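> Per our numbering, the very first residue in the sequence shown carries number 141; after that it's consecutive.
Got a structure for you, written out below as structure tokens; questions coming shortly.
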Amino acid sequence: MTGTALKAGNPLTDTVTLIARIAIGVIFIAHGWQKIQSGVAATGQGFASMGVPLPEIAGIVAIAIEFGGGIALVVGFALPVTGVLLAAQMVGAYVFGHFGTPLFVSEGGFELVLALGTAALALGFTGGGFALDRFLPWGRSTAAAPATARVA
Numbered sequence: 141m142t143g144t145a146l147k148a149g150n151p152l153t154d155t156v157t158l159i160a161r162i163a164i165g166v167i168f169i170a171h172g173w174q175k176i177q178s179g180v181a182a183t184g185q186g187f188a189s190m191g192v193p194l195p196e197i198a199g200i201v202a203i204a205i206e207f208g209g210g211i212a213l214v215v216g217f218a219l220p221v222t223g224v225l226l227a228a229q230m231v232g233a234y235v236f237g238h239f240g241t242p243l244f245v246s247e248g249g250f251e252l253v254l255a256l257g258t259a260a261l262a263l264g265f266t267g268g269g270f271a272l273d274r275f276l277p278w279g280r281s282t283a284a285a286p287a288t289a290r291v292a
């Protein structure tokens with residue numbers, strides 16, 4: 141691809157971004173599903189043990205963001221909002237579950253939280269052309285505004 145910039149709208153870029161959205165989205169879906177299977181009460185108890193305020197409400201929010209946000213990331217729906225919500229969820233996971241732990245350890249390290257949060261944020265703002273957003277009003281290209289006349 142000599143001399144060709146990889147940018148949104150390029151089939152290769154769109155394909156690679158879609159693969160990344162699927163991979164990261166599936167991880168979020170799996171973490172949300174794990175909380176769904178445990179139940180809100182058990183998730184809330186786990187959050188309470190970490191000092192999360194309003195643990196049952198936080199559990200419901202975590203389930204909605206991880207499971208619903210993971211699905212939204214995969215299909216490419218409301219990508220900037222989805223990316224920010226998933227990244228914020230990972231900030232919360234770091235603050236309440238990993239703060240003060242070393243970066244790379246077998247238990248308690250925050251490398252997964254860091255990778256998921258930054259990937260979700262990046263994909264939220266560079267989601268590619270193979271996204272549901274592209275077909276919704278906020279994702280459609282608008283015609284260029286007419287140029288204003290120059291004043292001499």
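Yeah, the Cβ is synthetic: ideal placement off N, Cα and C, and Gly gets one too.
These numbers were taken from a predicted model, which means no experiment stands behind them.
Considering only their Cβ atoms, is the gap separating glycine 172 from isoleucine 203 smaller than 8 angstroms?
Their beta carbons are under 8 angstroms apart, which means isoleucine 203 touches glycine 172 by this criterion.
> How big is the Cα-Cα spacing for histidine 238 and leucine 256?
Their backbone Cα atoms lie some 14 angstroms apart in a straight line.
> Which whole-angstrom value is the C-beta distance of phenylalanine 270 and leucine 158, which I expect to be below 8 angstroms?
Sure, about 4 angstroms apart at Cβ, within 8 angstroms.
> CB-CB under 7 angstroms to proline 151, same chain, minus the five flanking residues each way: which ones, in chain order?
Excluding sequence neighbours, proline 151 sits near nothing in its chain.
> Look at the alpha carbon of alanine 260 and the alpha carbon of valine 215, and state the distance between them as a whole number of angstroms.
Spanning the two alpha carbons is a distance of roughly 13 angstroms.
> What three-state label does DSSP hand glutamate 196 in the structure shown?
Reduced to three states, the DSSP call for glutamate 196 is helix.
> Inspect the beta-carbon positions of leucine 213 and phenylalanine 168 and report whether they are closer than 8 angstroms.
Yes. Within cutoff.
> Would the beta-carbon of glycine 209 fall within 8 angstroms of that of leucine 194?
Cβ atoms of glycine 209 and leucine 194: not closer than 8 angstroms.
> Starting from the C-beta of glycine 223, find all residues in its chain whose C-beta is less than 7 angstroms away, skip the five residues before and the five after it, and write them out in chain order.
Closer than 7 angstroms at the Cβ level, and outside the excluded window around glycine 223, lie Ala260, Leu261, Leu263, Gly264, Phe265.
> On the criterion of 16 or more Cβ atoms from any shown chain inside 10 Å, does threonine 155 qualify as buried, or is it exposed?
Its Cβ having fewer than 16 others within 10 Å, threonine 155 is exposed.
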